[in-house]
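Trainee: Following this message is one structure expressed as structure tokens.
Number of protein chains: 10
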Amino acid sequence: MDLIGKRDAGELIDARRRAKGMSWTELAEAAGLPVVWLTSAVLGAHPAPAAVAATLRELLDLDEPLVEALIRQPYRTIDPELLADPTIYRFQELIQVYGPALKALIHEEFGDGIMSAINCSIDLRRGAHPGGDRVVLTIDGKFLPYDWAASEGEG
Amino acid sequence: MDLIGKRDAGELIDARRRAKGMSWTELAEAAGLPVVWLTSAVLGAHPAPAAVAATLRELLDLDEPLVEALIRQPYRTIDPELLADPTIYRFQELIQVYGPALKALIHEEFGDGIMSAINCSIDLRRGAHPGGDRVVLTIDGKFLPYDWAASEGEG
Amino acid sequence: MDLIGKRDAGELIDARRRAKGMSWTELAEAAGLPVVWLTSAVLGAHPAPAAVAATLRELLDLDEPLVEALIRQPYRTIDPELLADPTIYRFQELIQVYGPALKALIHEEFGDGIMSAINCSIDLRRGAHPGGDRVVLTIDGKFLPYDWAASEGEG
Amino acid sequence: MDLIGKRDAGELIDARRRAKGMSWTELAEAAGLPVVWLTSAVLGAHPAPAAVAATLRELLDLDEPLVEALIRQPYRTIDPELLADPTIYRFQELIQVYGPALKALIHEEFGDGIMSAINCSIDLRRGAHPGGDRVVLTIDGKFLPYDWAASEGEG
Amino acid sequence: MDLIGKRDAGELIDARRRAKGMSWTELAEAAGLPVVWLTSAVLGAHPAPAAVAATLRELLDLDEPLVEALIRQPYRTIDPELLADPTIYRFQELIQVYGPALKALIHEEFGDGIMSAINCSIDLRRGAHPGGDRVVLTIDGKFLPYDWAASEGEG
Amino acid sequence: MDLIGKRDAGELIDARRRAKGMSWTELAEAAGLPVVWLTSAVLGAHPAPAAVAATLRELLDLDEPLVEALIRQPYRTIDPELLADPTIYRFQELIQVYGPALKALIHEEFGDGIMSAINCSIDLRRGAHPGGDRVVLTIDGKFLPYDWAASEGEG
Amino acid sequence: MDLIGKRDAGELIDARRRAKGMSWTELAEAAGLPVVWLTSAVLGAHPAPAAVAATLRELLDLDEPLVEALIRQPYRTIDPELLADPTIYRFQELIQVYGPALKALIHEEFGDGIMSAINCSIDLRRGAHPGGDRVVLTIDGKFLPYDWAASEGEG
Amino acid sequence: MDLIGKRDAGELIDARRRAKGMSWTELAEAAGLPVVWLTSAVLGAHPAPAAVAATLRELLDLDEPLVEALIRQPYRTIDPELLADPTIYRFQELIQVYGPALKALIHEEFGDGIMSAINCSIDLRRGAHPGGDRVVLTIDGKFLPYDWAASEGEG
Amino acid sequence: MDLIGKRDAGELIDARRRAKGMSWTELAEAAGLPVVWLTSAVLGAHPAPAAVAATLRELLDLDEPLVEALIRQPYRTIDPELLADPTIYRFQELIQVYGPALKALIHEEFGDGIMSAINCSIDLRRGAHPGGDRVVLTIDGKFLPYDWAASEGEG
Amino acid sequence: MDLIGKRDAGELIDARRRAKGMSWTELAEAAGLPVVWLTSAVLGAHPAPAAVAATLRELLDLDEPLVEALIRQPYRTIDPELLADPTIYRFQELIQVYGPALKALIHEEFGDGIMSAINCSIDLRRGAHPGGDRVVLTIDGKFLPYDWAASEGEG
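Residue numbers (numbering that gives the first Met the number 0), protein chains in the order written: chain A, 0 to 154; chain B, 0 to 154; chain C, 0 to 154; chain D, 0 to 154; chain E, 0 to 154; chain F, 0 to 154; chain G, 0 to 154; chain H, 0 to 154; chain I, 0 to 154; chain J, 0 to 154.
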């Protein structure tokens, strides 16, 4: 009667993907979706729409409990231990070093508010440089101004 | 005989900047430097080269202790309380939600390694969209592969 | 050359308010602003527009450093010790007890997304009940669906 | 001989609910109970009265261990990792930003005391707005004044 | 223009009390108040009513800033380091050892709910025993049942 | 070959108790023991003497592993998550609010020392009050003065 | 009107002691007290009896605020950062490595209970060994059995 | 193919020991080893030499996986929750109260350095006193002076 | 369908290694790899290249799931409890004591930047000394200067 | 009457050093001491012998309070925030990634014990490599075997 957790399901689908010899990029193309989104969804950070789950089931021969897990609404949390993985930690370090400057510049350019992490897309690609190839990460989030609005008919 | 800390100095220089009516962008242009870098340096995350410090002294009429603080080598740390500021927290949340996917894609594209947070530049600009303007953040860091190298003459 | 922090400024302005015998409600009415917003702004959680700061200066005879602090952009953080104050802690406890249910119902009613804490207003009023008066808190935030959008001209 | 935990039971009952195609709202109506209360109780935050548990057993074909778990008195705790889920975190952020103001206004309106989290009800509904629909959350808790009372015959 | 914090004020008033040679008990009797309440109020955990503050000013020759601090509404928090003081820690240890049993017995005797920490009084007295005198602490708090009530005219 | 932990055993014995329709009070009376002690012991906070364990085995038809667990010496610890349960948390809050005052009054009445949490008994009973029944908790611990004693024949 | 904290006072008295060229041992002999006790008291962990404070004032030419601080009742806490000092940390490590064994042996030898940290003395001396001198630390605390006693006339 | 962890093995061997009716002291005598060492080793804090493991296997009829676990090199860590057990916590409290004094006296007697927790033995015995028997704990560790030495042929 | 985690796999391969009577050094020589790298990889800190995994399978008769785990990309994290193991903790302590000095000297010798933990090798060997043999640990990491570079065609 | 803390003194002496245009290396050579040791001592991690302090006073024109601070015995602790500085953090990361392997290899080569952080020296130098210069850090600590020794005449 047990349910398989979304993270455990993500690890198993990932293993199936490797066994099939498909890259994340190929999987995303097959599903017609941005690769950062698709990878996040498989690893448990998004609920997959039924059509996406069906595509993945077919491509990767997934059992029903894995499909069910893909579709299920997630808690978007992370085991804090993972944040110390060196590849992930460098992003943390960038926030530590540049966070106050980015905040100052967002306020200068847009006023009081935030860059949305909900209405947001992320792209990761290879950049060229004589000193060695580079990771180019583009985060593109809607600016949301602080706005004291209320529903119609409210205070 | 006391030294002024780099963060306190940053707040004071920022206040002087506002009093002078100069934007961060104008300051960066005057110094001929990228705005994210310049803002970070003023707020205490980088040691300013002497020439940059001299330019800022002139533009903002800074006293010597502030100039000295600008030049001093920092500890690049942050008061953890600041990471919960909503504008900064959204970056944290993006790592929480997308960190595992970005790690998987870096390894798929580049192999085992990291995106450097040291050899790295950041750009923040306004993006257009019918639903409202967007913050576009580009992080561009050198890929560093895990490499078990040793100095010449070492084991 | 020191700046007064926004929280310290908030405590001092609050003391001036009490000395003047003005309630928060009266202050908000004088400024023509919702009382939760105005109180938060004085206590340091929002940058006050210059006109609001001018009104407060006049009503409360504020010195310039306090006015300057009112206007300054805040870090919206809180000393974590304050979250354990019994009056504030009850809000924490409600999230602990009802958070998962509220998340489930937001997703059922609106789909995958969040209630915005940026485009949001809050109202607090007295409610009547035979067993004793009640605090009625209304939080009214825009629903933001997860949306993988990008700026025009981006990937 | 093992007991099933209330949270695990909640996940399983929720899965059964989805399989039956019933919404939380329908379930609450069938049980004649407020939907926030019913959802919380199923997810493990309240002990369900026997009659409610019987209704749920019938509606969802629950096995005895799940019924027993519904009725059992809970520890009303939460895995702290879940508090970082973006949908739940926004409530945390509101307390961080507005907590001191709400405390000040409760004291101004009611005197020294708290809004009860025990004698309290919560309602969540859709609000209309030209800029997009809104989540309207109403928290309605009894005001409890600090009161140094003692039982009859005590000190 | 600075305000003296309530804890700092408490330490200074306590020093004045010792210098005057008055016990807490004498102070409480002079003020006509329970000694645990009065001691807590002086140390910063309660706002003192104006009349109590006036009594204390007279008895202890307090300056105006101390009187003002006595009256001010507190954040009822504690420096977490103090919880490890051996005299205070034993109370923590009792909760650790007996907390689950007390919870079970409250639910058995009263049903689902809590002992209020707001409508609550505390008495501390000496108890006799052949093996040595004892500290007898009586905590007397109103039972509050979980109650899903709403203000009149609400949902 | 596995041992059942004392907490898990406590949950199972508690379930058996409920199934038998016996209250904690009835169980304590049958065992001739104070109810707070007996409840704590069953839930894992004390080693039960063999005679008590035998009584419980008979009353509740316990299997040998549960009896063995009852007798075993415990680590008297608590899952920190449980301290946030609202019914238990109120005790924590009382220490936070009144801890410094209780410390001051113990020192005033008894001198430098502590109230023992080892030589200590606890009683919980119902108190009457026109405003509603009350939980009356009496903690009765031996006063232990700081005493720099040494064994005979030691320095 | 400020009080000097007991830790700050301890550092200043220690500096005075070094300036006078007196060892802790000499100070303890002059005061007729065990050296671990005396050193702890000066560093802020005990309230010094008035006679001891008078002796120290004379020996070290202490000002009145330092004498007052010596006598004052302490919070016996420690800045947690200090527990990581290598000389202190080794004691922590011993508890980590041997704590469970010491607990098992105390229970085997004495039954259920603790070694008191209140009725307790500590001696530190030099031990001889061919491999190098040793620190010999003797901790001598009264065994306190768990005892469910109550004051006369209590339940 | 699974290995049994050293702590789990320790609990099982301890249960076997109790079933055999052997005390830790008898076990240590049978093995010809100090009882604190032997108890620690069984509970998982030391690797047992093969001969010791063989003796224990014979005395307690241990299965091979338990013998293997006894011999295995440990991580000498502790579940932090156990440090709050009252019997163990008192040692923590002694460090908190007396740590700075012991540090000062080690430096006074021996100079800059530490008492080793590696070259160290511990003895626990019963002490007599008219007020009740006492636990006498002797910790005997080599003094290690800070020494900036290097291997032959190094810098 | 379950995957075996890399750490669990590491413990099992280590047990197999001991059963085969091979040292880490012999294993590293057989694989033609530096011993610190090879040991880390087996314990789960690196993805093993397929050829290395094949060598280990042959040398140690590994089953397929262990081979698969060796090759899998790791999260390079550590259970924080392990950092307190005395053998590992000494490295932590060295950073605590010497970290600021090493930072100062890296900046003096190389300028603003870091020693890479990615392009880095580590060697551990025995050093001779009349006072006893020594552990000589050499860490050899590429210096990475802070460098604000961008990919070709980027801002 | 205030003492200057060793860390604050370290920052001031460092500023004086920079003003004098002396490198750490030159300072160490002038003092005839290893540079890592000397730098650590100035920054507050060691007590400077009187002769070293005298040399530094002369070279850097130090005032008496700074000289006194240099000589004073330190608490060898670190502000935990500094451990996140990128230059220091890389050392932390190396322990996280390689700590278990280093532990395994120390035990394989030396048996059960530790590398001393007390009898230990550290050298930092520049290494050459075609791919860029490297930081070569050599840590050379005495191996200390676990040894259950006791002082002569002890149990």
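Idealized CB from N, CA, C, for every residue including glycine.
Could you tell me whether the region 75-85 of chain C touches the region 88-106 of chain D, using the rule of 3 or more Cβ pairs below 8 Å?
Mentor: The answer is yes - the region 88-106 of chain D touches the region 75-85 of chain C, with three or more Cβ pairs under 8 Å.
Trainee: Give the straight-line distance between the Cα atoms of B/V135 and H/A149, rounded to the nearest whole angstrom.
Mentor: For the purposes of this step, residue 135 of chain B is taken as residue 136 along the second sequence, with counting starting at 1. For the purposes of this step, residue 149 of chain H is taken as residue 150 along the eighth sequence, with counting starting at 1. One C-alpha to the other measures close to 53 Å.
Trainee: Quick check on H/A27: buried or exposed, where buried means 16 or more other Cβ atoms within 10 Å of its Cβ?
Mentor: The sequence position of residue 27 of chain H within the eighth sequence is 28, counting from 1. By the neighbour-count rule (16 or more Cβ atoms within 10 Å), H/A27 is buried.
Trainee: DSSP beta-bridge partners for D/V134?
Mentor: In the fourth sequence, the residue the question calls residue 134 of chain D occupies position 135. Bridge partners of D/V134: C/G140, D/R125.
Trainee: Let me see if you follow: with CB-CB separation under 7 Å, is B/P99 close to chain K or not?
Mentor: Among the protein chains of the structure shown, namely A, B, C, D, E, F, G, H, I and J, there is no chain K.
Trainee: With 8 Å as the C-beta to C-beta threshold (strictly closer), list the residues of the region 27-50 of chain B near chain D in chain order.
Mentor: The residues in question: there are none.
Trainee: Assuming D/T38 is part of the alpha helix (DSSP H), what are its boundary residues?
Mentor: Position 39 of the fourth sequence, counted from the start, is the residue given in the question as residue 38 of chain D. Here the alpha helix (DSSP H) through D/T38 covers 34-42.
Trainee: Determine whether the beta carbon atoms of D/W194 and E/W36 lie at a separation below 7 Å.
Mentor: One cannot answer for residue 194 of chain D here, as it falls past the ends of chain D, which runs 0 to 154.
Trainee: Which residues of chain H have a Cβ atom closer than 7 Å to the Cβ of E/A83, listed in chain order?
Mentor: What you label residue 83 of chain E is simply residue 84 of the fifth sequence in a count that begins at 1. Correct list: Q95.
Trainee: Answer yes if the region 136-146 of chain A comes into contact with the region 109-120 of chain A, meaning at least three C-beta pairs across the two stretches below 8 Å, and no otherwise.
Mentor: Yes, they touch.
Trainee: Taking beta-carbon pairs under 8 Å, can you tell me which members of the region 2-13 of chain H lie near chain I?
Mentor: Those residues of the region 2-13 of chain H that come within reach of chain I (Cβ to Cβ, closer than 8 Å) are L2.
Trainee: Near B/E71, what residues of its chain come up, given a Cβ to Cβ distance below 7 Å and the 5 sequence neighbours on each side ignored?
Mentor: As a first step, residue 71 of chain B is located in the second sequence; it is residue number 72 there, counting from the start. According to the sequence displayed, residue 71 of chain B carries Arg and not Glu. These residues qualify, in order along the chain: K5, P46.
Trainee: Under 7 Å, do B/I94 and A/F90 count as touching if we go by C-beta distance?
Mentor: The residue you call residue 94 of chain B lines up with position 95 of the second sequence. The residue you call residue 90 of chain A lines up with position 91 of the first sequence. A contact, by the Cβ cut-off of 7 Å.
Trainee: Taking only the alpha-carbon atoms, compute the straight-line gap between J/T8 and C/D7 and give it to the nearest angstrom.
Mentor: Residue mapping note: residue 8 of chain J aligns to position 9 of the tenth sequence, counting from 1. Residue mapping note: residue 7 of chain C aligns to position 8 of the third sequence, counting from 1. Going by the sequence as given, residue 8 of chain J is Ala instead of Thr. C-alpha separation (whole angstroms): 29 Å.
Trainee: So, at 6 Å on beta carbons, what are the nonlocal neighbours of A/L58 in its own chain, with the 5 sequence-adjacent residues on each side left out?
Mentor: As a working note, residue 58 of chain A is residue 59 in the first sequence. Cβ neighbours of A/L58 beyond the five flanking positions: A29.
Trainee: By the DSSP assignment, the alpha helix (DSSP H) with E/Q72 in it spans what residues?
Mentor: For the purposes of this step, residue 72 of chain E is identified with residue 73 of the fifth sequence, where counting begins at 1. First-last for E/Q72: undefined, no H or E at that position.
Trainee: Among H/L42, H/V51, H/D1, which residue has its Cα nearest to the Cα of H/I12?
Mentor: Stepping through the eighth sequence from its first residue, residue 12 of chain H is reached at position 13. Answer by Cα proximity: H/L42.
Trainee: Only counting the same chain, and skipping five residues up and downstream in sequence, which positions put a Cβ closer than 6 Å to that of E/T38?
Mentor: Locating residue 38 of chain E in the fifth sequence gives position 39, counting from the first residue. Cβ neighbours of E/T38 beyond the five flanking positions: W23.
Trainee: For J/I113, name the three-state secondary structure that DSSP assigns.
Mentor: In the tenth sequence, counting from the first residue as 1, residue 113 of chain J sits at position 114. Strand at J/I113.
Trainee: Report the three-state DSSP secondary structure of F/D7 (helix, strand or coil).
Mentor: For the purposes of this step, residue 7 of chain F is taken as residue 8 along the sixth sequence, with counting starting at 1. Reduced to three states, the DSSP call for F/D7 is helix.
Trainee: Taking Cβ positions only, does D/H128 come closer than 7 Å to chain A?
Mentor: Working through the fourth sequence from its first residue, we reach residue 128 of chain D at position 129. Closer than 7 Å to some Cβ of chain A, the Cβ of D/H128 qualifies, so yes.
Trainee: Go ahead and pull the three-state DSSP assignment for E/D13.
Mentor: Against the fifth sequence, residue 13 of chain E aligns to sequence position 14. Here E/D13 sits in helix by DSSP.
Trainee: For chain A, check one thing: does any of its Cβ atoms lie closer than 7 Å to the Cβ of C/I117?
Mentor: Counting from 1 along the third sequence, the entry for residue 117 of chain C is found at position 118. C/I117 counts as touching chain A.
Trainee: Of the choices B/P144, B/L123, B/A103, whose alpha-carbon is the least far from that of A/R16?
Mentor: Stepping through the first sequence from its first residue, residue 16 of chain A is reached at position 17. Out of B/P144, B/L123, B/A103, B/A103 has the C-alpha closest to the C-alpha of A/R16.
Trainee: Quick one: is I/I70 near chain J, going by C-beta distance under 7 Å?
Mentor: In the ninth sequence, residue 70 of chain I corresponds to position 71, counting from 1. Taking Cβ atoms only, chain J never reaches closer than 7 Å to I/I70, which makes this a no.
Trainee: Under DSSP, the alpha helix (DSSP H) around D/A49 begins and ends at which residues?
Mentor: Mapped onto the fourth sequence, residue 49 of chain D falls at position 50. That run of the alpha helix (DSSP H) goes 49-59.
Trainee: Terminal residues of the continuous alpha helix (DSSP H) containing E/L26?
Mentor: As a position in the fifth sequence, residue 26 of chain E is number 27, starting the count at 1. Counting along the chain, the alpha helix (DSSP H) containing E/L26 begins and ends at 23-30.
Trainee: With H/T54 and I/E80 assumed to form a contact (beta carbons below 8 Å), what rounded beta-carbon distance in angstroms separates them?
Mentor: Translated into positions along the eighth sequence, residue 54 of chain H becomes position 55. Translated into positions along the ninth sequence, residue 80 of chain I becomes position 81. Going by Cβ atoms, the distance from H/T54 to I/E80 rounds to 30 Å, so no, they are not a contact pair.
Trainee: If the cut-off is 7 Å on Cβ atoms, which residues from the region 135-151 of chain E count as contacting chain F, listed in chain order?
Mentor: Hits within the stretch, in order: V135, L136, T137, I138, D139, G140, K141, F142.
Trainee: For I/A40, does the count of other Cβ atoms within 10 angstroms reach 16, so buried, or fall short, so exposed?
Mentor: Residue numbering aside, residue 40 of chain I sits at position 41 when the ninth sequence is read from its first letter. When all chains shown are included, I/A40 counts as buried.
Trainee: Using a 10 Å radius around the Cβ and a threshold of 16 neighbouring Cβ atoms, would you call C/P129 buried or exposed?
Mentor: In the third sequence, residue 129 of chain C corresponds to position 130, counting from 1. So C/P129 counts as exposed.
Trainee: Cβ atoms of F/P48 and F/I3: under 7 Å apart, would you say?
Mentor: Your numbering for residue 3 of chain F matches position 4 in the sixth sequence. Your numbering for residue 48 of chain F matches position 49 in the sixth sequence. Result no, Cβ atoms of F/I3 and F/P48 do not sit closer than 7 Å.
Trainee: Report the residue from H/E108, H/E151, H/G110 whose alpha carbon sits nearest the alpha carbon of I/G126.
Mentor: Residue mapping note: residue 126 of chain I aligns to position 127 of the ninth sequence, counting from 1. Per the Cα distances, H/E151.
Trainee: Determine the direct distance from the alpha carbon of A/D78 to that of J/P73, and round the result to whole angstroms.
Mentor: Translated into positions along the tenth sequence, residue 73 of chain J becomes position 74. Translated into positions along the first sequence, residue 78 of chain A becomes position 79. Whole-angstrom Cα-Cα distance: 37 Å.
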